Every structure is written in structure tokens, then in C-alpha cells.
Amino acid sequence: MIKNEIIFHGIEKRQKHYYIAIFIMFIILAILVCLNVTIGEKNYTLAEVVSIILNGENNYIIMKLRLPRTIAGIFCGIAFAIAGNTFQTLLGNPLASPDIIGVSSGSTVAAVFCILFLNLNRGIVSIISVAAGLLAAFTIYKLSCKNGFSNSRLILTGIGAQAFFTALINWMVMRAAEYDVPTAMRWMAGNLNGITTDTLPLLVIVVILAFAIMVYCNQSIRSLELGERYATILGVNVSVVRTLLMFCSVVLIAFATSISGPIASIAFLSGPIATRICSNNQTNYTSSALIGAILVIAGDFIGQNLLPTRYPVGIVTGLLGAPYLVYLLIRQNKGGVI
Amino acid sequence: MKQNNKIKTITLIGILLLFISVILSITYGAKSVGLSDVIDALLGRNLEDYNVNVVQARLPRTLFGIIAGASLSISGVLMQSITRNPIADPSILGVNTGASLFIVFGISFFNIQSKLSYIGLAFVGALLTSIFVYRLASLGYSGATPIKLAISGAAISTALSSLISIIVMPDSSVMTSFRFWQIGSIGGTSTDDILLLLPFTVLAIVVSFLLSDNLDTMLLSEETAIALGLNIGRTRILAALCGVLLCACTTALAGPISFIGLMIPHLIRSSIGSSHKPLIILSGIYGGAILIISDVLGRILGAPGELESGIMTALIGAPVFIYIIRKAKLQSL
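Quick mapping for you: the protein sequence lines, in order, are chains A and B.
Plus 55 on top of the position in the first sequence (first one is 1) and you've got this note's numbering.
Plus 179 on top of the position in the second sequence (first one is 1) and you've got this note's numbering.
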């Protein structure tokens with residue numbers, strides 16, 4: 056055992072820093088949730104809302120609109136964030152998030168098709184889009200495997216696939232009936248409107264299950280961060296862990312997408328922000344999940360209440376994400392990561 | 180000698196393809212017409228006949244398609260040569276999105292109406308975006324590698340499209356007409372558009388043709404080109420301006436049409452090599468032909484309506500892009 060006061064002191068300090076950061080994020084999320092539930096067309100006080108929820112009163116605005124919306128926002132945020140973070144960790148590149156390499160748009164294609172042409176209900180749409188997302192991810196992976204797997208080839212193939220899927224989506228939107236188009240466009244921008252209570256339990260279960268599996272793989276992920284070779288030496292079954300984690304992330308992404316539409320930038324932003332805040336001395340699952348939820352709820356609040364027109368949450372997060380994206384690119388290219 | 184014959188054969192095939200695609204584009208559609216009607220229309224006979232009118236309505240669209248396809252494809256050649264990067268293309272670099280953003284911005288905030296100012300706006304937008312994306316990708320020690328260029332382009336393009344959505348989203352009536360700027364189509368173009376487009380594209384194509392010897396020299400390596408007495412900076416800036424002008428004009432009038440500039444030059448290069456004079460000419464011919472064929476395919480697949488050519492080129496071009504990536508050597512990514 057190494058017995059060095061300074062090292063242990065440093066570790067302790069970072070642990071403390073980490074817990075404080077998590078705590079602060081929790082508080083911010085709580086405040087945002089309160090704001091989101093109380094403020095809107097009709098304002099309530101917090102006490103009123105609490106009593107409505109506790110007594111199970113039949114208040115339409117709170118119980119049918121704002122509460123499902125907020126819960127869906129939190130869990131979709133978590134789903135996007137941890138899935139994005141997993142992709143970024145496994146592919147070793149902060150820019151390799153599922154919304155850039157085409158996995159999300161693969162499931163969006165299926166969802167748009169089901170919504171516009173088959174008029175299916177949301178539960179079945181979720182299942183079909185999960186299947187489509189898995190298929191898209193598998194195809195992109197297979198296409199990028201030639202003479203061995205390469206991260207850069209995977210990313211480039213993903214960008215190509217993304218363009219292909221976008222064209223398919225555009226095709227369907229153009230073919231759809233005129234009055235369906237604004238709905239589809241709004242949904243495609245990422246939107247928490249029209250979420251009903253019956254889709255929520257499944258979402259919550261899926262998110263919690265996937266989160267549990269990922270936390271279970273925690274040690275292996277931390278080894279994988281060192282690189283494939285070191286992970287193998289440390290006794291990680293790289294291909295099994297990688298497949299399992301990819302599978303979970305795709306399920307999460309596709310599920311969240313089928314409910315809220317592809318909310319821009321969440322998958323891609325949460326991981327790097329969490330790493331910046333918590334300085335990466337833990338696997339940043341908890342922190343990036345919190346960041347994801349905060350971003351979605353804050354984006355939704357801004358889009359609903361603070362802007363002249365009501366914007367879908369995806370537009371707001373897309374706008375918030377753009378400058379950070381550029382900053383990240385500059386930093387990454389300067390550092391020569393790729 | 181063998182190379183020359185090959186170029187001749189490919190040119191002939193290209194011209195034949197272009198001819199067939201033009202005939203298809205004029206005759207096939209929601210109302211199909213016969214060849215005799217086409218001849219009548221060209222000679223100005225039977226002007227009262229319905230079919231002849233159909234032909235006359237389709238002519239500008241076809242002509243515009245040829246010019247747009249040729250411009251995009253030559254623009255791709257220039258960008259690939261300047262950046263020394265096989266996947267440089269107006270759509271990958273986000274240049275089309277930049278042009279669209281500026282136009283959408285101009286229309287909704289300054290109420291700009293004339294098509295000439297669309298071209299101006301598109302040019303400024305495309306130029307700024309391409310400079311920005313290229314600078315972004317060439318930060319760091321390894322220069323603008325394909326992957327850095329593609330990621331920077333994709334990222335900037337995502338960011339810019341969310342800006343476009345913000346401008347377009349609030350008003351659903353505006354949204355329907357602006358959808359055009361996000362997808363790209365050569366339908367609905369008129370003779371005026373062609374006359375407006377032609378001077379710019381002819382200028383840019385002529386200049387790039389004049390530059391082709393210099394571009395050939397630059398392919399050797401920068402050091403060799405300087406040693407041979409070439410003004411690298413000037414050549415590069417002129418070629419870049421031409422490339423941007425070509426894709427900006429097309430985007431201004433037709434919206435973003437993707438992947439033509441990527442796949443055509445690649446196909447031509449792999450069959451005749453990288454000498455720029457034949458490359459530019461052949462890319463122009465094949466680019467025009469492929470864009471028109473995509474447009475016709477869009478009419479077939481989209482029947483009874485039609486499918487925007489921007490969608491068709493992406494559906495054809497994206498697999499070609501993936502194929503190029505698959506074929507590329509790992510080190511060169």
C-alpha cells in the first residue's frame with residue numbers, strides 16, 4: 056500500500072468537491088422543478104401544488120399537464136445524458152455522441168413513420184423505435200468494421216448515416232398530409248408537449264434499469280477509459296462490456312426519442328459539462344444524468360415562459376448547445392485529441 | 180495515349196447520359212409527354228397544345244438542374260483540391276447551411292425579396308461558414324484531417340440549423356414556405372433564375388478552369404509548388420472564392436442540395452486521375468446529369484406528387500460517402 060499523506064489528502068479533497076457538486080446540482084434541479092410546476096399560464100404557489108399532489112386532487116393543469124411534463128423532462132434528460140456519456144466514453148471522443156453519429160436519427164425515422172403514417176399509440180412507437188435504433192447502431196457499427204474497428208471510421212460512417220436518415224425523415228414529412236406537418240416538425244425539434252401519464256411508468260422503469268446496469272459496470276468503464284489495451288490487461292471483457300453498454304444506451308436514446316422527440320445537444324453536452332464540473336475523478340454517470348435533467352427542465356422552462364413565442368425545448372437546448380459545441384471543438388482540436 | 184482514350188470514352192458516356200437525362204426530365208412527370216411534343220416546343224410550333232406547354236414549363240427546370248449540378252460538382256472538386264481532403268464538400272462542410280441561414284435571416288428580419296440579394300446573402304453566409312469550419316478543423320498540430328473537417332462541419336451545420344429553426348418555427352405559415360431552405364429543390368425555378376445564375380457560374384467555372392494547371396501543381400506538395408514559382412496563396416484564395424460562389428448561387432436559388440459535390444468528383448477522379456482540366460469538365464457534365472436524374476427519380480418515387488431533389492441526392496449520396504469512408508485507408512482518416 057502506498058502511504059502518502061499528500062496523495063490521500065488530494066483524493067479526499069476531490070471526493071469532497073465531487074459530493075458538494077452533486078449536492079448543488081440536486082438543489083438546482085429541485086428549484087427548476089418547482090419553477091416548472093408552479094409557473095405558467097396560471098400560477099400556483101408551491102404549497103398549493105404540494106397539497107394538490109399529496110391529496111391526489113383532480114386538478115387538470117397540475118396533474119395532467121405540468122407534472123407528467125416535468126417527470127418526462129427529467130427522465131428523458133437523464134436517458135439522453137447517460138446514453139450520450141456512454142458513447143463518448145466508449146468511443147473516446149466527446150464529439151461521438153449518438154445525435155451526431157446517426158443513432159438517434161435512426162430511431163427518429165421509425166418514430167416519424169409510425170406517427171405520420173400508421174397513427175400508432177406511443178407505447179408501440181417506443182418499442183418500434185427502440186428496435187430501429189438498435190438496427191441503425193448495429194448497421195453503422197458493421198459498416199465501419201473493415202480490417203478491424205476504428206473510432207474515426209465509425210464517426211465518419213455515422214455522419215454519413217445521419218445524412219441518409221435526415222433525408223428519409225424529410226421525405227416522410229414532405230409526403231405527409233399538410234396539417235400533420237407542423238406537428239411532426241415540432242416533434243422532431245424535441246418537445247415535451249402532449250405527454251400523457253400512461254407512457255411515463257415504462258420510461259421511468261427503462262431509465263432506472265439501464266442506469267442500474269451501467270452503475271454495475273462502473274469499474275469496467277473506468278478501466279475502459281484508460282484504453283482498450285489496459286482494460287483487457289485489468290481483466291475487463293472488453294467486447295461484452297462494450298456491447299452491453301452500447302445496447303443500454305441505444306435503448307435509452309430510442310426510448311426517450313420516441314417520447315419527447317430528439318432533444319438537441321443533451322446527449323452531447325451533458326457528459327463534457329459533468330466532466331468539467333466534477334473534474335473526472337469518478338465515473339460521471341450521476342453527475343451527467345443530473346446535468347441532462349437540469350438542461351431539459353431549464354430549456355423547457357425558458358421555451359415555455361421566457362421567450363416571446365412558445366418554443367419546443369429542443370430549439371432552446373440546441374441554441375444553448377451551439378456555442379459550447381464550438382468551444383469544445385476548438386479545445387479538442389487544439390489539444391490534438393483526434 | 181491510353182489515358183486520353185479513356186477520357187474521351189468517359190466524356191462520350193457523360194454526354195450521352197446527360198442527353199438521356201434531359202429527355203427523361205422533359206418527358207417524364209405527372210403528365211408524361213412524347214418526343215414529338217418536345218420537338219414542337221423547341222421549334223415553337225403548336226403553342227396552343229397542352230403537351231407543348233408542359234414541355235415549356237419543364238425546360239427551365241431541366242436547364243437549371245444542369246447548371247446547378249455542374250456548379251455543385253465543380254465546387255466539390257475545388258474544395259477537395261484546396262483542402263487536400265477527399266471528403267470536402269459544400270454539404271459536409273456546412274457551407275450550404277450557412278448560406279441558408281443568411282437567406283432565412285435576410286428574409287425574415289430585413290424583408291429582402293430580390294433573388295439577386297439572395298445570392299449576395301448566400302455568398303456571404305457560405306464564405307463565412309467555410310472559412311470558420313476550415314479554421315476550426317485546422318487548429319492543432321495535424322492540420323485539417325478528414326475526420327476533424329467532417330466533425331467540425333457536422334457540428335457547425337447542426338448548430339446553424341437550430342438557428343434556422345428558431346427563426347422559422349414561430350409562424351407555421353412561414354414554416355411551410357421556408358421548408359424549402361432546409362431541403363433543397365430544383366422544381367419551381369424559372370427562366371429568370373437561370374439568367375440570374377448563369378453569369379456567376381460561368382465566371383466561376385472559367386476562372387477555375389484557368390486555375391487548373393496551378394491546382395495540378397499544388398497537388399504535388401506545397402513546397403514543390405512554391406519551388407516551381409507558384410503563388411500558392413493567390414491560387415488557393417481564388418479557387419476557394421470560386422468554389423464558394425458556385426455553391427452559394429445554387430443554394431440561394433434552389434436551397435441546400437447535398438452530396439453532389441462529394442460523389443461526382445470522387446467517381447470521376449477514380450476513373451481518370453486528378454488532372455484538373457478534364458476533372459472539372461467531366462465533373463460538370465456528370466454533376467448536371469446526376470442532379471437531373473435524381474430529380475426524375477424524385478418524380479417517380481414521389482408520384483403522384485414529387486420528391487425534392489435535395490432529398491434524392493442525399494439518399495443516393497450518403498451511401499456513396501460511407502463507401503468512400505470504408506475504402507479509405509485507416510491512417511488517412
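Ideal placement from N, C-alpha and C gives every residue a C-beta, glycine not left out.
This one's a predicted model, so the numbers in the text were calculated from it and none came from an experiment.
So, is residue i buried or exposed, given that buried needs 16 or more other C-beta atoms within 10 angstroms?
i	result
Q387 of chain A	buried
P457 of chain B	buried
I250 of chain A	buried
A85 of chain A	exposed
D253 of chain A	exposed
V105 of chain A	exposed
D372 of chain B	buried
A222 of chain A	buried
A218 of chain A	buried
L145 of chain A	buried
F243 of chain B	buried
L295 of chain B	exposed
L197 of chain B	buried
I186 of chain B	buried
Which residues mark the beginning and the end of the alpha helix (DSSP H) in which residue i is found?
i	result
Q235 of chain B	229-262
C426 of chain B	411-433
K119 of chain A	That residue, K119 of chain A, is in no alpha helix (DSSP H); it is neither H nor E in DSSP.
F172 of chain A	Taken as a continuous stretch (DSSP letters only), F172 of chain A belongs to no alpha helix (DSSP H), as it is neither H nor E.
L344 of chain B	The residue you asked about is not Leu; residue 344 of chain B is Ser in the sequence shown. Segment 325-347, the alpha helix (DSSP H) holding S344 of chain B.
G213 of chain A	206-230
R41 of chain A	This structure leaves residue 41 of chain A out entirely; chain A is present only between 56 and 393.
A319 of chain A	Run containing A319 of chain A: none; DSSP gives neither H nor E here.
F302 of chain B	294-316
Y502 of chain B	488-506
A267 of chain B	Here A267 of chain B belongs to no alpha helix (DSSP H), and DSSP marks it neither H nor E.
Rounded to the nearest angstrom, what separates residue i and residue j at their Cα positions?
i	j	result
L109 of chain A	S313 of chain A	30 Å
I393 of chain A	N148 of chain A	In this prediction, I393 of chain A scores a pLDDT of 46, lower than 50, which makes its location untrustworthy; the coordinate-derived value is nonetheless stated afterwards. Their Cα atoms are separated by approximately 8 Å.
V212 of chain B	S204 of chain B	11 Å
S391 of chain B	V262 of chain A	57 Å
L122 of chain A	N174 of chain A	25 Å
M397 of chain B	Y320 of chain B	21 Å
I194 of chain B	L470 of chain B	14 Å
W226 of chain A	L486 of chain B	7 Å
L425 of chain B	I330 of chain B	23 Å
I272 of chain B	V185 of chain A	This sequence places Leu at residue 272 of chain B; Ile is not what is there. Taking the straight line joining both Cα atoms gives about 31 Å.
A239 of chain A	G332 of chain B	26 Å
S343 of chain A	I210 of chain A	22 Å
S199 of chain A	T324 of chain B	18 Å
I62 of chain A	I77 of chain A	23 Å
Q143 of chain A	T330 of chain A	11 Å
I129 of chain A	G316 of chain A	14 Å
Please list, in chain order, the chain A residues whose beta carbon lies closer than 7 Å to that of residue i.
i	result
R478 of chain B	Per Cβ cutoff of 7 Å: no residues; R478 of chain B is ~13 Å from chain A at best.
S437 of chain B	A218
E487 of chain B	M229
I want to verify the contact list: residues of chain A whose CB lies under 8 Å from the CB of residue i, in sequence order.
i	result
P498 of chain B	G215, F219
A267 of chain B	Correct list: empty, because the minimum Cβ distance to chain A is about 13 Å.
I362 of chain B	N225, M229
L494 of chain B	F219, A222, L223, W226
Determine the chain B residues that contact residue i at a beta-carbon separation under 8 Å, and present them in chain order.
i	result
K201 of chain A	R505
L374 of chain A	S341, L342, I345
K389 of chain A	L318, G319
For residue i, go through chain A and note every residue whose CB falls closer than 9 Å to its CB, in chain order.
i	result
A482 of chain B	In chain order: nothing, as chain A lies at least about 11 Å away.
L407 of chain B	Neighbours of L407 of chain B on chain A: none; closest Cβ ~31 Å, over 9 Å.
Residues of chain B with CB closer than 9 Å to the CB of residue i, please, in chain order.
i	result
I385 of chain A	L315, L318
I155 of chain A	I330, A333, A334, T337
T212 of chain A	F500, I501, I504, R505
Should residue i be counted as a contact of the ligand SAM given a C-beta to heavy atom distance under 8 Å?
i	result
G139 of chain A	The ligand SAM is not part of this structure, which contains no ligands at all.
Name, please, each residue of chain B whose Cβ falls closer than 7 Å to the Cβ of residue i.
i	result
V104 of chain A	None at all; the shortest Cβ gap to chain B is about 30 Å.
On the three-pair Cβ rule with 8 Å, is the stretch 239-255 of chain A touching the stretch 361-370 of chain A?
yes
Taking 8 Å as the threshold, find out whether the stretch 452-468 of chain B comes into contact with the stretch 239-257 of chain B through three or more Cβ pairs.
yes
With contact counted as at least three CB pairs below 8 Å, one residue from each stretch, are the stretch 164-175 of chain A and the stretch 216-231 of chain A in contact?
yes
Is it a yes or a no for the stretch 274-294 of chain A touching the stretch 152-164 of chain A, going by three-plus beta-carbon pairs under 8 Å?
no
Touch test, the stretch 442-451 of chain B against the stretch 269-286 of chain B, Cβ-Cβ under 8 Å, three pairs minimum:
no
Can we say the stretch 363-373 of chain B touches the stretch 426-438 of chain B, given the rule of at least three CB pairs closer than 8 Å?
yes
Determine, using beta-carbon pairs with one atom in the stretch 299-312 of chain A and one in the stretch 258-277 of chain A, whether at least three such pairs fall under 8 Å.
yes
Does the structure place the stretch 130-137 of chain A close enough to the stretch 343-354 of chain A that three or more beta carbon pairs sit under 8 Å?
yes
How do the stretch 300-313 of chain B and the stretch 465-482 of chain B stand: do at least 3 beta-carbon pairs fall below 8 Å, yes or no?
no
Three Cβ pairs or more, each shorter than 8 Å: is that satisfied between the stretch 270-289 of chain A and the stretch 112-119 of chain A?
no
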